[in-house]
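A.B. asks:
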Amino acid sequence: MPGITQNTIIVAEGGTNSTYHFLATTAELAEASQLTRWIEDHDILLYTHEGEVKALSNICRHFGGPVGYHKAKGGVFTCLWHNWQYASKDGACLTAPGLSLRQYALKIVGDNIYVNLLG
Amino acid sequence: MKRATLTLSCSREMDCPKEVVMWNYYDHEHLVGTHSKYYNHARILAERDDWALVWRNKKMPFLPLYTSGIGLQFMDSNVMRTFHKDSIGFLLEQETQFEDLPNDRCRVTVTYTIITHPIFKLFEPIFHRLFRSWFEEVWAEDAPMRLRRWKVYQLGFKDFSGIDYINRKLPKPAHLAVPKYEFKPPIKSLAKIKSAAGETRLASKGAELGYHDVG
Numbered sequence: 704m705p706g707i708t709q710n711t712i713i714v715a716e717g718g719t720n721s722t723y724h725f726l727a728t729t730a731e732l733a734e735a736s737q738l739t740r741w742i743e744d745h746d747i748l749l750y751t752h753e754g755e756v757k758a759l760s761n762i763c764r765h766f767g768g769p770v771g772y773h774k775a776k777g778g779v780f781t782c783l784w785h786n787w788q789y790a791s792k793d794g795a796c797l798t799a800p801g802l803s804l805r806q807y808a809l810k811i812v813g814d815n816i817y818v819n820l821l822g
Numbered sequence: 426m427k428r429a430t431l432t433l434s435c436s437r438e439m440d441c442p443k444e445v446v447m448w449n450y451y452d453h454e455h456l457v458g459t460h461s462k463y464y465n466h467a468r469i470l471a472e473r474d475d476w477a478l479v480w481r482n483k484k485m486p487f488l489p490l491y492t493s494g495i496g497l498q499f500m501d502s503n504v505m506r507t508f509h510k511d512s513i514g515f516l517l518e519q520e521t522q523f524e525d526l527p528n529d530r531c532r533v534t535v536t537y538t539i540i541t542h543p544i545f546k547l548f549e550p551i552f553h554r555l556f557r558s559w560f561e562e563v564w565a566e567d568a569p570m571r572l573r574r575w576k577v578y579q580l581g582f583k584d585f586s587g588i589d590y591i592n593r594k595l596p597k598p599a600h601l602a603v604p605k606y607e608f609k610p611p612i613k614s615l616a617k618i619k620s621a622a623g624e625t626r627l628a629s630k631g632a633e634l635g636y637h638d639v640g
């Protein structure tokens with residue numbers, strides 16, 4: 704129904720049903736080009752990279768700092784706490800290779816962006 | 426010669442165990458990250474167990490100058506004692522007292538003391554203003570760091586790893602065993618801050634979107 708945001712949607716994919724949680728509207732993302740939201744125990748960094756909407760864990764693998772505190776610069780996120788850096792292309796850790804940020808699967812339905820916490 | 430003592434105590438409470446705050450005080454790498462508005466360079470000259478000798482270059486609040494200096498810190502039971510000597514020439518003694526409060530809360534009391542020539546007694550109001558401002562501004566930057574650190578710890582976060590079930594795209598375990606938060610100095614750090622180059626701030630300017638840790 705237009706104007707009403709569902710908190711979750713169920714999507715059939717790969718022979719199973721996946722639950723996607725509402726994360727933000729496309730307008731909210733367009734305004735900031737990058738934002739973070741807690742959904743249950745997940746701190747999620749939502750952003751646009753080369754025209755593609757992406758989501759990474761916002762929890763730095765080092766000490767748990769907020770990766771998306773600063774706006775990405777030159778395709779790189781720099782964590783506020785200790786300057787650990789991650790590629791916005793895929794969450795690869797540039798400071799300690801191998802400690803990448805987990806990526807999240809997204810669905811855009813109308814004006815709403817949904818995230819799969821297990822995908 | 427008679428000496429004058431300039432002293433100021435500041436106290437605040439935090440919604441996390443005192444051990445998280447102690448971790449924060451011993452995490453020297455965060456100086457050029459969390460506090461990059463003030464610190465532009467830091468280097469651990471030496472550290473063993475609960476004592477550390479750290480070189481820092483920083484800007485003081487409302488003073489248009491950078492000062493560099495060294496600080497020695499160590500624990501004396503629940504009190505952290507720090508001696509700072511910087512290029513201005515004063516020896517600043519800092520006593521940081523940590524107290525447990527109910528419900529995983531704590532109180533932190535910092536006492537700043539400078540023992541100096543009697544003429545500087547005239548400047549005590551400036552000393553009070555400067556160090557109260559320093560305490561409040563640094564506290565405001567550290568508070569969300571401590572609260573978030575405590576929050577992710579309770580979710581099972583492990584240093585240099587993360588939250589296992591989130592990284593592995595698994596549901597949260599029904600029974601997540603989270604041991605009591607322990608403070609075990611020295612804090613593990615990358616080699617760079619211990620090298621001659623030290624650690625330099627990367628993000629002193631740029632757009633800040635901030636913390637969104639409510640929820």
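For the record, the sequence lines run as chains A and B.
For what it's worth, this note's numbering labels the leading residue of the first sequence as 704, then goes sequentially.
For what it's worth, this note's numbering labels the leading residue of the second sequence as 426, then goes sequentially.
Just so it is clear, CB atoms sit at the ideal spot from N, CA and C, and this is done for glycine as well.
These numbers were taken from a predicted model, which means no experiment stands behind them.
State the beta-bridge partners of B/Q579 as determined by DSSP.
C.D. replies: BP columns for B/Q579 are empty, so no partner.
A.B. asks: Does B/A632 get closer than 7 Å to chain A when you measure Cβ to Cβ?
C.D. replies: Cβ-Cβ to chain A under 7 Å: yes for B/A632.
A.B. asks: Looking at chain B, is there any beta carbon in it that lies within less than 7 Å of the beta carbon of A/M704?
C.D. replies: Residue confidence is low: A/M704 scores 45 on pLDDT, short of 50, so the model does not pin down where it sits. Its coordinate-derived value is still stated next. A/M704 does not count as touching chain B.
A.B. asks: Output needed for A/M704: all residues of its chain with C-beta closer than 8 Å, excluding positions within five of it in sequence on either side, in chain order.
C.D. replies: For A/M704, the predicted structure reports a pLDDT of 45, less than 50, and the residue's modelled location is therefore unreliable. The matter cannot be settled from this model.
A.B. asks: At a Cβ threshold of 7 Å, is B/N592 touching chain A?
C.D. replies: So, interface residue.
A.B. asks: DSSP state of B/K483, grouped into three classes?
C.D. replies: Three-state result, B/K483: strand.
A.B. asks: Along the alpha helix (DSSP H) that carries B/V457, what are the first and last residues, could you check?
C.D. replies: Counting along the chain, B/V457 falls outside any alpha helix (DSSP H), and DSSP gives it neither H nor E.
A.B. asks: Closer than 7 Å by beta-carbon distance: list the chain B residues that pair up with A/P800, in chain order.
C.D. replies: Result: empty, since nearest Cβ-Cβ is about 13 Å, beyond 7 Å.
A.B. asks: Does A/T781 get closer than 7 Å to chain B when you measure Cβ to Cβ?
C.D. replies: So, interface residue.
A.B. asks: With a cut-off of 7 Å, does the C-beta of A/T739 fall near any C-beta of chain B?
C.D. replies: By this cut-off, A/T739 is an interface position.
A.B. asks: Thinking B/R530 and B/D440 are a contact (beta carbons under 8 Å), I'd like their distance in whole angstroms, please.
C.D. replies: The Cβ separation is near 6 Å, so the contact holds.
A.B. asks: Taking B/Y491 as the reference, which of B/M505, B/S461, B/R473, B/T507 has the closest Cα?
C.D. replies: When each option's Cα is compared against that of B/Y491, the closest is B/S461.
A.B. asks: Quick one: is A/I766 near chain B, going by C-beta distance under 7 Å?
C.D. replies: What sits at residue 766 of chain A in the sequence shown is Phe, not Ile. A/F766 counts as touching chain B.
A.B. asks: For the putative contact between B/I677 and B/V457, defined by C-beta atoms under 8 Å, what is the C-beta separation to the nearest angstrom?
C.D. replies: Within the shown structure, residues of chain B are numbered from 426 to 640, placing residue 677 of chain B beyond reach of any answer.
A.B. asks: Apart from the five residues just before and just after B/T432, which ones in its own chain have a Cβ nearer than 6 Å to its Cβ?
C.D. replies: Counting only Cβ-Cβ distances below 6 Å, and skipping sequence neighbours, we find T538.
A.B. asks: To test your reading of the DSSP string, which unbroken beta strand (DSSP E) runs of 3 or more residues are found completely within the segment 733-816 of chain A?
C.D. replies: Those beta strand (DSSP E) runs which fall completely within the segment 733-816 of chain A and span 3+ residues are 737-742, 745-752, 755-760, 779-781, 788-790, 808-812.
A.B. asks: Might you give, ordered along the chain, the residues of its own chain that have their beta carbon closer than 7 Å to the beta carbon of B/V446, omitting 5 neighbours on each side?
C.D. replies: Around B/V446: M439, F523, C531, V533, R571.
A.B. asks: Beta-carbon separation of A/I762 and B/V504 under 7 Å?
C.D. replies: Going by C-beta atoms, A/I762 is not nearer than 7 Å to B/V504.
A.B. asks: Does the beta carbon of B/G623 sit closer than 7 Å to a beta carbon anywhere in chain A?
C.D. replies: It does not: the Cβ of B/G623 has no partner Cβ on chain A nearer than 7 Å.
A.B. asks: In chain B, which residues lie with their C-beta within 8 Å of the C-beta of A/Y772?
C.D. replies: Going along chain B in sequence order, the residues near A/Y772 (Cβ under 8 Å) are E633, L634, G635, Y636.
A.B. asks: Quick check: the Cα distance between A/G788 and A/E734, rounded to an integer number of angstroms?
C.D. replies: Note that residue 788 of chain A is Gln in the sequence shown, not Gly. For A/Q788 and A/E734, the distance between alpha carbons rounds to 24 Å.
A.B. asks: Cβ of B/F508 less than 7 Å from any chain A Cβ?
C.D. replies: Chain A, which has no Cβ nearer than 7 Å to the Cβ of B/F508, makes this no.
A.B. asks: Closer than 8 Å is the cut-off here; do at least three beta carbon pairs connect the segment 793-802 of chain A with the segment 756-772 of chain A?
C.D. replies: Result yes; three or more Cβ-Cβ pairs closer than 8 Å.
A.B. asks: Verify the CB distance criterion: does A/D744 have a CB-CB separation below 7 Å to chain B?
C.D. replies: It does: the Cβ of A/D744 has a partner Cβ on chain B nearer than 7 Å.
A.B. asks: Just to check my reading of the structure: B/F585 and A/R764 have Cβ atoms closer than 8 Å, yes? What is that Cβ distance to the nearest angstrom?
C.D. replies: Indeed, because the Cβ distance is near 7 Å, the residues count as touching under 8 Å.
A.B. asks: Rounded to whole angstroms, how far is the Cβ of B/A525 from the Cβ of B/K443, which I believe are closer than 8 Å?
C.D. replies: According to the sequence as given, residue 525 of chain B is Asp; it is not Ala. With 8 Å as the limit, B/D525 and B/K443 qualify as a contact, their Cβ atoms being about 6 Å apart.
A.B. asks: Flag A/I816 as yes if its beta-carbon sits less than 7 Å from any beta-carbon of chain B, otherwise no.
C.D. replies: Cβ-Cβ to chain B under 7 Å: no for A/I816.
A.B. asks: Can you give me the C-alpha to C-alpha distance between B/G640 and A/E743, rounded to a whole angstrom?
C.D. replies: In this prediction, B/G640 has a pLDDT of 45, which is less than 50 and means its spatial position is unreliable; nothing more can be read from the coordinates.
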